[in-house]
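To start, the structure under review is shown below, and the notes come after it.
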Ligand code: T1G
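Residue numbers (the working numbering): 66 to 771.
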């Protein structure tokens with residue numbers, strides 16, 4: 066495609082300046098067409114004797130979101146981005162990058178290959194490739210350290226976090242305070258450059274300032290990131306690439322970077338994290354409404370319950386500048402709840418995450434009432450009261466009587482039937498589930514639970530409001546536990562059943578921790594409270610009737626007052642004020658007694674069996690959920706599990722992981738345990754029909770559309 070036909074790169078000659086503008090909506094992804102267009106325009110400018118300076122910028126609101134991630138799987142990356150950047154860096158006329166907006170990944174690398182860089186101070190730039198399981202593959206690991214020093218470059222590349230242009234020392238030749246003056250000041254910069262004789266400054270000619278790379282830098286950095294980089298493949302390769310910048314000449318450093326880039330690109334983790342990037346975006350693509358569907362204006366929110374959940378939920382709205390009215394029937398409970406919120410903000414302020422002014426501004430948005438009438442004028446109410454249907458129904462009956470017409474009535478229920486709740490009001494079309502995950506002011510996931518009668522505009526309003534309060538919303542249907550909690554049930558069941566069969570809880574927890582979850586099922590159960598599972602099972606007797614054996618130990622621990630961390634003992638023991646689980650041999654004894662009572666034969670569990678029984682049963686439930694239409698697509702389930710349960714993003718989520726393992730293997734394992742575990746196996750290991758069907762067709766969950 067030649068430049069004149071290019072629609073994604075245009076240029077205009079302004080006398081002695083060739084202005085090359087990218088316009089590949091929506092983010093100037095550096096697709097093949099853009100790379101071809103850039104090469105054509107740059108070569109044309111280099112061959113134009115009138116042109117003295119080349120400027121590269123953008124017609125869109127950002128400079129560039131980097132390489133086109135959607136091209137990675139196609140493999141046709143020629144001409145590749147490094148070729149474009151070599152052309153720029155070796156040009157015999159000055160090339161100036163004018164960053165009129167964010168520059169990420171290859172977009173920033175494009176600027177680094179230029180001879181001069183201009184931006185406005187608050188502009189965001191970054192190298193987020195590590196979040197895609199790869200590393201900056203177009204010279205970023207070699208050029209950035211030469212400009213900004215090794216330590217800052219290392220942190221940007223390994224953390225993937227964006228920084229403000231003004232904070233990136235040594236990278237920009239001109240930082241403009243007022244974005245509105247960017248173009249005019251850039252023109253003056255270029256005019257001066259021409260006037261001064263068009264000197265060319267190539268980053269490759271800059272020697273690394275080894276002062277910024279003390280010998281212990283890399284080892285200390287490795288230690289510093291060990292916890293959050295646990296299990297990830299690309300952070301270590303990012304570090305190695307930056308080390309190469311310090312130890313090798315640029316040409317060899319670029320070669321090393323290319324090798325490490327391809328090593329990462331070929332890894333299952335890169336596939337998983339790139340899948341997840343698009344999965345998160347796709348969660349917002351919902352077929353229940355369209356562009357014409359109206360959105361209700363949410364100017365104020367009522368929260369019922371100022372406890373842990375209610376308080377956390379309230380903070381989300383205060384953080385977004387939306388006034389909140391919190392209802393507690395007792396004044397002291399209200400006082401307590403507001404006090405907890407203030408302490409949370411004060412803790413953030415102590416860590417420098419919040420200014421005192423912001424703290425006061427947010428607290429000023431939080432009002433309290435002890436009367437339902439205090440909610441009469443809010444645009445949205447979210448109840449976070451006790452998880453019992455009759456309590457929820459009482460609340461919604463009151464809300465129906467009190468709240469203004471058009472108010473959205475939402476439940477934070479984590480398992481209960483939204484349709485049943487809606488039907489106790491005169492306005493079921495205004496009722497929806499907004500299931501926050503604890504701690505509600507921290508966890509990014511929001512399950513938006515649509516009832517059968519929930520209107521499209523209420524769904525759309527909820528999905529858009531989620532973005533405003535910085536949540537990742539996934540739209541789900543109604544069933545017990547919706548998606549997340551329904552799938553976690555078999556996961557916890559298998560852990561408990563294996564304990565009954567003689568497995569050590571710490572063995573089970575270690576296998577799951579090593580797989581990449583933040584903690585194993587028993588540690589998680591103790592932290593959440595074993596009584597929560599106990600109450601859920603009491604309300605699900607018909608469901609667990611299949612074979613209730615798995616719960617006997619957990620039920621007995623609760624009856625023995627061992628509700629978990631909060632009481633100092635659950636499956637593990639805990640010293641006061643210490644969350645470290647201490648194995649307790651008496652639990653194994655209890656399990657042995659209960660197993661003998663039930664005639665459950667002891668069984669040796671390999672790491673593989675532990676992993677498969679916990680994770681494949683979770684995946685199998687996901688297959689049921691997909692087939693029932695409770696989740697619209699498998700990638701939505703992945704988003705729920707990564708953001709709601711800490712499923713390792715380097716595995717892409719449970720359904721992506723199953724696709725990577727191969728559904729035939731998942732299916733075979735389900736059949737194996739069904740047949741090996743006697744009555745219990747028959748009760749709980751029947752493969753979901755969708756899993757069976759896709760496995761037989763050699764397909765993936767990602768191929769399934771309801
Ligand atoms: N490639 C392809 N599609 C992209 C994309 C990209 N780099 N970035 C965004 N999109 C899509 C996105 O899926 C969405 O699609 C639409 O654009 C709008 O995105 C060689 C190899 C740039 C800050 O990781 O962080 O460079 O949902 O809603 O809120 O070393 O997009 O509309 O169908 O997010 O204005 C590294 C990823 C690539 C940046 C803009 N770059 N993108 O935010 O829009 S690898 C990244 C973002 C690389 C080099 C390596 C954000 C944004 P849809 P959006 P936004």
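The beta-carbon is built from N, C-alpha and C at its ideal position, and this holds for glycine as well.
Treat the numbers as computed from the prediction; the structure is a model and nothing was measured.
Item                                                                                                                                                               : Value
With contact counted as at least three CB pairs below 8 Å, one residue from each stretch, are the segment 604-618 and the segment 742-749 in contact?              : yes
So, are the CB atoms of residue 548 and residue 368 less than 8 Å apart?                                                                                           : no
Are the Cβ atoms of residue 167 and residue 190 separated by less than 8 Å?                                                                                        : yes
With hydrogens ignored, establish whether the beta-carbon of residue 135 is closer than 7 Å to any heavy atom of ligand 1.                                         : yes
Does the segment 683-691 come close enough to the segment 589-607 to have 3 or more Cβ pairs within less than 8 Å?                                                 : no
Could you tell me whether the segment 510-520 touches the segment 495-502, where touching means 3 or more Cβ pairs closer than 8 Å?                                : yes
Under 7 Å from any heavy atom of ligand 1, does the C-beta of residue 94 make it?                                                                                  : yes
Rounded to whole angstroms, what is the Cα-Cα separation between residue 246 and residue 127?                                                                      : 16 Å
Go through its chain and collect everything with a Cβ distance to residue 762's Cβ below 7 Å, but skip five positions before and after it.                         : none
Suppose contacts are defined by Cβ-Cβ distances below 8 Å. Is residue 550 in contact with residue 618 by that definition?                                          : no
Grab the span of the alpha helix (DSSP H) containing residue 103 for me, first residue to last.                                                                    : 97-112
How is residue 581 classed by DSSP in three states: helix, strand or coil?                                                                                         : coil
Quick check: residue 565 and residue 674, are their CB atoms within less than 8 Å of each other?                                                                   : no
Using a Cβ-Cβ cut-off of 8 Å (strictly less than) and excluding sequence neighbours within five positions of residue 272, which residues of its own chain qualify? : 211
Taking the alpha-carbon positions, what's the residue 379 to residue 596 distance?                                                                                 : 26 Å
From 99, 539 and 298, pick the residue whose C-alpha is nearest to that of residue 853; which is it?                                                               : The displayed coordinates of the chain run from 66 to 771. Any statement about residue 853 would go beyond what the structure contains.
Name the one or two DSSP bridge partners that residue 510 has.                                                                                                     : 537
Would you check if there are 3 or more beta carbon pairs closer than 8 Å linking the segment 407-427 to the segment 332-346?                                       : no
What would DSSP say about residue 713, mapped onto helix, strand or coil?                                                                                          : coil
So the candidates are 601, 172 and 600; which of them puts its Cα closest to the Cα of residue 194?                                                                : 172
By DSSP, does residue 772 sit in helix, in strand, or in coil?                                                                                                     : A query on residue 772 cannot be resolved here, the shown segment of the chain reaching from 66 to 771 and no further.
If you measure between the beta carbons of residue 424 and residue 390, is that distance less than 8 Å?                                                            : no
Cα-Cα, which of 138, 604 and 676 is closest to residue 576?                                                                                                        : 676
Between residue 123 and residue 78, is the Cβ-Cβ spacing less than 8 Å?                                                                                            : no
Check whether the Cβ of residue 209 sits closer than 7 Å to any heavy atom of ligand 1, and report yes or no.                                                      : no
Between the alpha carbons of residue 666 and residue 743, how many angstroms are there, rounded?                                                                   : 10 Å
Am I right that residue 197 and residue 221 are in contact with their C-beta atoms under 8 Å? What's the rounded C-beta distance?                                  : No, residue 197 and residue 221 are not in contact; Cβ-Cβ is about 15 Å, not under 8 Å.
Within a Cβ cutoff of 6 Å, which residues of the same chain sit near residue 546, ignoring the five residues on either side of it in sequence?                     : 480
Which of helix, strand or coil does DSSP assign to residue 572?                                                                                                    : helix
Confirm the yes/no value for this check: CB of residue 328, any heavy atom of ligand 1, distance under 7 Å.                                                        : no
What does the alpha-carbon distance come out to for the pair residue 345 and residue 452?                                                                          : 29 Å
Check the C-beta distance from residue 148 over to residue 178 and give it rounded, since I have them as a contact under 8 Å.                                      : Not a contact, Cβ separation roughly 11 Å.
Rounded to whole angstroms, what is the Cα-Cα separation between residue 753 and residue 728?                                                                      : 11 Å
Where do the N-terminal and C-terminal ends of the alpha helix (DSSP H) with residue 676 fall, by residue?                                                         : 672-693
Quick check: does the Cβ of residue 309 come within less than 7 Å of any heavy atom belonging to ligand 1?                                                         : no
Taking the alpha carbon of residue 573 as the point to measure from, which residue in 671, 226 and 351 has its own alpha carbon closest?                           : 671
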